[in-house]
DNA sequence: CTACTTTGATAGACAGTGTCTACAAGATGA
DNA sequence: TCATCTTGTAGACACTGTCTATCAAAGTAG
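Chains as they are written, first to last, in full-length UniProt numbering: chain A, 1 to 189; chain B, 1 to 189.
Structural data, given as structure tokens:
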């Protein structure tokens with residue numbers, strides 16, 4: 001394994017183990033057993049290293065999408081939505097990093113293509129579902145990619161708010177699953 | 001105006017003017033014309049100061065909610081949703097700070113009460129709408145607060161993804177308004 | 001085999017950060 | 001007047017990311 005790959009792996013382990021605050025260039029170097037300046041031989045800076053880690057996160061998310069059980073398009077979309085929220089809840093640190101514009105380089109080609117692949121896969125599931133379903137809850141003719149963007153946003157916000165601790169009013173603390181059920185009900189009926 | 005208030009104001013100005021990266025304790029002190037250690041006389045640390053700024057943000061958001069035009073409950077909910085996304089898009093730095101768990105203290109009482117007030121206000125709008133509407137797109141009997149949480153998540157994710165630059169597939173870049181229209185269509189029909 | 005280049009790693013430095021502590025000046029109150 | 005409290009200052013400390021000089025090892029061309 002190349003030194004570059006080893007650094008990415010070390011950083012990812014540190015991320016899931018100790019949270020996004022712990023993923024410092026020097027901390028990664030120490031965990032990898034190299035000097036504090038060594039990572040800069042393989043990455044232009046912290047943002048590039050963390051972008052590679054985030055790309056790994058999107059790849060893992062895409063793999064979850066590829067492992068969805070067979071079934072009707074409706075079942076597959078539903079499963080994908082559950083998988084997205086589940087990924088966020090079970091990998092909070094990775095999920096946070098993946099959307100932290102200040103820590104990564106949003107223009108990084110690998111990152112862009114990995115996140116686009118996630119969106120495209122999801123949008124295709126939505127397209128198939130809408131092509132088949134006849135009970136059209138949304139305005140007919142709506143671009144499936146627009147529906148996918150809206151639905152992705154809904155899932156994303158649900159996960160983000162729950163991680164933030166903000167799905168709760170003072171006396172009301174719904175689980176992400178129950179809120180997700182409502183979301184799916186709204187979009188898919 | 002107390003020194004504490006002046007620091008909060010200075011920090012808020014710095015935030016909207018130069019982004020969340022610029023809101024450093026020393027930068028705030030310099031902008032306020034005091035020494036670098038002075039803010040610690042009024043706040044226990046950076047998190048407490050930034051929590052006060054974020055609380056200001058939630059208060060501003062709540063004021064937007066209070067200025068909604070009169071109309072049917074449906075119109076009011078719709079307007080509130082537009083207002084939320086519009087707030088995020090027009091105040092990206094403040095919006096980002098308000099949900100950055102690493103920069104603020106999520107337990108801070110003022111912050112909790114301000115964000116809860118936003119949620120409660122929104123939930124009440126949703127409750128009124130659902131009490132009146134007869135075309136129930138969602139499962140009847142669903143707790144309005146759960147609907148509010150789900151819908152808030154949808155708005156939040158939409159805003160967050162758009163700010164992240166991720167409402168776009170490579171060849172598909174919807175505006176937040178068009179995606180919001182689909183979201184409102186899904187929830188409100 | 002020998003020179004040269006390339007690559008990877010190291011250690012030191014620098015500015016910037018949050019936070020802590022010692023200190024000073026001024027107001028307040030007994 | 002004297003003591004105390006408040007507010008602000010300046011310096012230090014341990015971090016951070018990044019830059020640079022140095023160095024060792026490993027090819028590689030002659």
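Glycine included, every Cβ here is placed at the ideal spot set by N, Cα and C.
- Per DSSP, residue 36 of chain B lies in no alpha helix (DSSP H) and is assigned neither H nor E.
- Taking a Cβ-Cβ cut-off of 8 Å, the neighbours of residue 150 of chain B in chain A comprise 154, 158, 179, 180, 182, 183, 186, given in sequence order.
- Against chain B, a Cβ distance below 7 Å from residue 101 of chain A picks out 164.
- By the C-beta criterion, the segment 41-59 of chain B is judged to be in contact with the segment 103-120 of chain B, since at least 3 inter-stretch pairs fall below 8 Å.
- Here residue 23 of chain A is not near residue 32 of chain A, since their CB atoms are 8 Å or more apart.
- If you ignore the 5 residues before and after residue 138 of chain A, its C-beta comes within less than 7 Å of the C-beta of 147, all in its own chain and listed in chain order.
- For residue 147 of chain B, the enclosing alpha helix (DSSP H) stretches over residues 144-164.
- Using a Cβ-Cβ cut-off of 8 Å, residue 142 of chain B counts as an interface residue toward chain A, since at least one Cβ of chain A sits closer than that to its own.
- Annotated as distal: residue 25 of chain A and residue 93 of chain A, with beta-carbon spacing of 8 Å or more.
- Under a 10 Å Cβ-count criterion, residue 90 of chain A is classified as exposed, with fewer than 16 other Cβ atoms of the shown protein chains found around its own Cβ.
- Within chain A, the residues whose beta carbon sits less than 9 Å from that of residue 174 of chain B are 143, 145, 146, 149, 150, listed in sequence order.
- Within the segment 62-76 of chain B, no residue has a Cβ lying closer than 7 Å to any Cβ of chain A.
- Note that the C-beta distance between residue 144 of chain A and residue 123 of chain A is below 8 Å.
- Across the segment 7-34 of chain B, CB contacts with chain A closer than 8 Å involve 20, 21, in sequence order along the chain.
- In the DSSP annotation of this structure, the continuous segment of the alpha helix (DSSP H) that includes residue 82 of chain B starts and ends at 73-90.
- Rounded to the nearest angstrom, the gap between the Cα atoms of residue 172 of chain A and residue 38 of chain A is 49 Å.
- It is roughly 21 Å from the alpha-carbon of residue 111 of chain A to the alpha-carbon of residue 96 of chain B.
- In the three-state reduction of the DSSP assignment, residue 57 of chain B falls in the helix class, which pools H, G and I.
- With respect to chain A, the C-beta atom of residue 128 of chain B has no partner C-beta closer than 8 Å.
- Within the same chain, Cβ atoms closer than 7 Å to the Cβ of residue 42 of chain A are found at 3, 4, 7, the five residues on either side in sequence being excluded.
- Within its own chain, the residues whose Cβ lies closer than 6 Å to the Cβ of residue 20 of chain A, once the five positions on either side in sequence are excluded, are 93, 96, 97, listed in chain order.
- Secondary structure at residue 1 of chain B: coil, using DSSP grouped into helix, strand and coil.
- Cβ neighbours of residue 125 of chain B within its own chain (closer than 6 Å, five residues either side excluded): 76, 77, 80.
- Inclusion of residue 183 of chain A and residue 158 of chain A in the CB contact set at 8 Å is warranted, their separation being smaller than that value.
- For residue 137 of chain B, the neighbours in chain A by C-beta distance under 9 Å run, in chain order, 137, 185, 186, 189.
- Using a Cβ distance threshold of 8 Å, residue 68 of chain B and residue 83 of chain B count as a contacting pair.
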